[in-house]
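Heads up: the sequence shown at position 6 corresponds to 980 in my numbering, and the numbers run straight through without jumps. Here the structure comes first, spelled out in structure tokens, and everything after it is commentary.
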Amino acid sequence: MENYPHSQGGFITTAVAIDRDKNSQFALRWALENLPLKDNQIILIHVSIPQNLQLEGAVPKVGSSPTLAEMPQFFLPYRGLCARKRIHAKEVILLEPDVATALAEYISKNSLTTIVLGASNRSYITRAFRNLDVPSSLVKSAPDSCSVYAISKTRVQKIKSVTPNTARQSSHTGYSPDTASSADIYR
């Protein structure tokens, strides 16, 4: 899974994790209004649980992941939000049983600097007695070079900001990794 190049040679660095819930739409709306986007591009990421891990013969639930045939319709409202703001959306589907782990791996592999996702709909008491929700897990597992925002309605509920030391270390010299020599690294 490679990052998508920009028209000017950079990379898309902002992504929104989406699902069927309403907070995903709030998250995309918040990202489009509050974050600076390079070249007016954003990545829409959906993590789908592989079909062989779901119960066979079970009736699909309303909140279950869409099938591959339903994916074009699944992204439709999100594409509409982006089109209204003149933002080009790249769609990514990850097949993985653990949503937070899949997102953290995608962030690391593609050097994303910002990810926005919808906040959990579960109450504080429910989250205390069950496994961590996706935003809490992602805040803990995302690399330090990536800011994580969890949005509920129009409010930011959780934030993990980029640490200044990590941002300085991850800045590059202008060379692509395969053309930099060992002498360039020590400048």
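The C-beta atom is built at its ideal place from N, Cα and C for all residues, glycine as well.
Cβ of residue i within 8 Å of any chain B Cβ
i, result
"S1022", "The question asks about chain B, but that chain is absent: this structure has only one protein chain."
Cβ-based burial, residue i [other Cβ within 10 Å; buried from 16]
i, result
"T1041", "exposed"
"R1003", "buried"
"S1135", "exposed"
"I1133", "exposed"
"T1162", "Residue 1162 is absent from the structure shown; the chain starts at 975 and stops at 1161."
"L1050", "exposed"
"E1030", "Confidence is the limiting factor: at E1030 the pLDDT is only 48, short of 50, which leaves the residue's position unreliable, though a coordinate-based value still follows. The residue in question, E1030, is exposed, as its Cβ has fewer than 16 Cβ neighbours within 10 Å."
Alpha helix (DSSP H) segment containing residue i, residue limits
i, result
"E1079", "V1073 to N1084"
"S1110", "V1108 to S1115"
"L1091", "Here L1091 belongs to no alpha helix (DSSP H); instead the beta strand (DSSP E) covers T1088 to G1092."
"S1121", "Not the alpha helix (DSSP H): S1121 falls in the beta strand (DSSP E), residues S1121 to S1126."
"A1001", "K996 to N1008"
Whole-angstrom C-beta distance between residue j and residue i, which should lie under 8 Å
i, j, result
"T1075", "C1120", "Their Cβ separation, rounded to whole angstroms, is 14 Å, which puts T1075 and C1120 out of contact at 8 Å."
"L1068", "V1021", "5 Å"
"L1018", "E1065", "5 Å"
"C1053", "A1043", "According to the sequence as given, residue 1053 is Arg; it is not Cys. With a Cβ gap of about 17 Å, R1053 and A1043 do not count as contacting."
"L1086", "A989", "5 Å"
Close beta carbons around residue i, own chain, < 8 Å, minus the five adjacent residues each side
i, result
"I1061", "L1006, L1011, N1014, Q1015 and I1016"
"D1152", "Confidence is the limiting factor: at D1152 the pLDDT is only 40, short of 50, which leaves the residue's position unreliable, though a coordinate-based value still follows. If we look at D1152 and ignore the five residues flanking it on each side, it has no Cβ neighbours."
"S1126", "N997, F1000, G1092 and A1093"
Own chain partners of residue i with C-beta closer than 7 Å, once the 5 adjacent residues on each side are dropped
i, result
"S1111", "A1074"
"S998", "I992 and G1092"
"P1109", "L1091, A1093, S1094, A1124 and K1132"
"T1128", "F1000 and W1004"
"V1033", "With a pLDDT of 47 at V1033, under the threshold of 50, the modelled position of this residue cannot be trusted, and the question is left open."
"S1082", "P1117"
"M1045", "I1067"
"K1059", "L1006"
"N1008", "none"
Residue range of the unbroken beta strand (DSSP E) whose run includes residue i
i, result
"K945", "With the chain represented from 975 up to 1161, any question about residue 945 goes unanswered, as that position is not in the structure."
"L1018", "Q1015 to S1022"
"A991", "T988 to A991"
Sequence-distant residues of its chain with Cβ nearer than 6 Å to residue i (five each side left out)
i, result
"V1130", "Y1123"
"A1057", "none"
"K1035", "Its pLDDT being 49, under 50, K1035 is placed unreliably by the model, and the measurement read from it follows with that caveat. So the list is empty, once near-sequence residues are dropped."
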